[in-house]
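Visitor: Quick one: the structure is below, questions incoming.
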Amino acid sequence: MSEAHADTLLPNERMREQALGGEVTQIHRGQAYAAEGDRFDIDGEQFEVVEVTERTLGDLTEEDARSEGARDLDHYKQILRMSHDDFEWDDDSEIVRHRFERV
Numbered sequence: 053m054s055e056a057h058a059d060t061l062l063p064n065e066r067m068r069e070q071a072l073g074g075e076v077t078q079i080h081r082g083q084a085y086a087a088e089g090d091r092f093d094i095d096g097e098q099f100e101v102v103e104v105t106e107r108t109l110g111d112l113t114e115e116d117a118r119s120e121g122a123r124d125l126d127h128y129k130q131i132l133r134m135s136h137d138d139f140e141w142d143d144d145s146e147i148v149r150h151r152f153e154r155v
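Position in the sequence shown (from 1) plus 52 gives the number in our numbering.
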């Protein structure tokens with residue numbers, strides 16, 4: 053187990069606040085930013101990464117979108133387009149899911 057950095061794993065303040073509120077329990081990133089068992093801190097609250105899984109964008113579900121703070125998968129796609137320049141959804145794009153829980 054090692055220390056992960058919340059600001060690397062959860063790249064904006066809104067997501068960190070949503071994690072504190074229990075609304076965000078996972079994040080997909082383009083690569084692994086933590087390993088299972090790693091812990092990170094948000095405002096004195098400890099979280100542990102409980103699963104790191106390789107997936108593709110096409111694997112994402114409505115439940116995944118809600119676990120990342122979006123209303124649904126369409127809203128999730130809209131957030132990605134707004135957050136990343138020249139983003140195009142490609143079902144075959146490889147991503148990594150980081151699921152975490154408050155300790």
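Even glycine gets a Cβ: it sits at the ideal position worked out from N, Cα and C.
As the structure is a prediction and not an experimental result, all values here were calculated from the model.
(1) In whole angstroms, give me the CA-to-CA distance for R52 and D137.
(2) If you draw a straight line from the C-alpha of V101 to the C-alpha of R66, how long is it?
(3) DSSP state of D138, grouped into three classes?
(4) What is the DSSP secondary structure of R123, reduced to helix, strand or coil?
(5) Nearest to G110 by alpha carbon, out of L125, F99 and S119?
Guide: For this structure:
(1) Not covered by the structure: residue 52. The range shown for the chain is 53 to 155.
(2) As a first step, residue 101 must be located in the sequence shown, where it is residue number 49. As a first step, residue 66 must be located in the sequence shown, where it is residue number 14. If you take the alpha carbons of V101 and R66, they lie about 19 angstroms apart.
(3) In the sequence shown, residue 138 corresponds to position 86, counting from 1. Three-state result, D138: coil.
(4) As a position in the sequence shown, residue 123 is number 71, starting the count at 1. Note: R123 maps to coil in three-state DSSP.
(5) As a first step, residue 110 must be located in the sequence shown, where it is residue number 58. The shortest Cα separation from G110 among L125, F99 and S119 belongs to L125.
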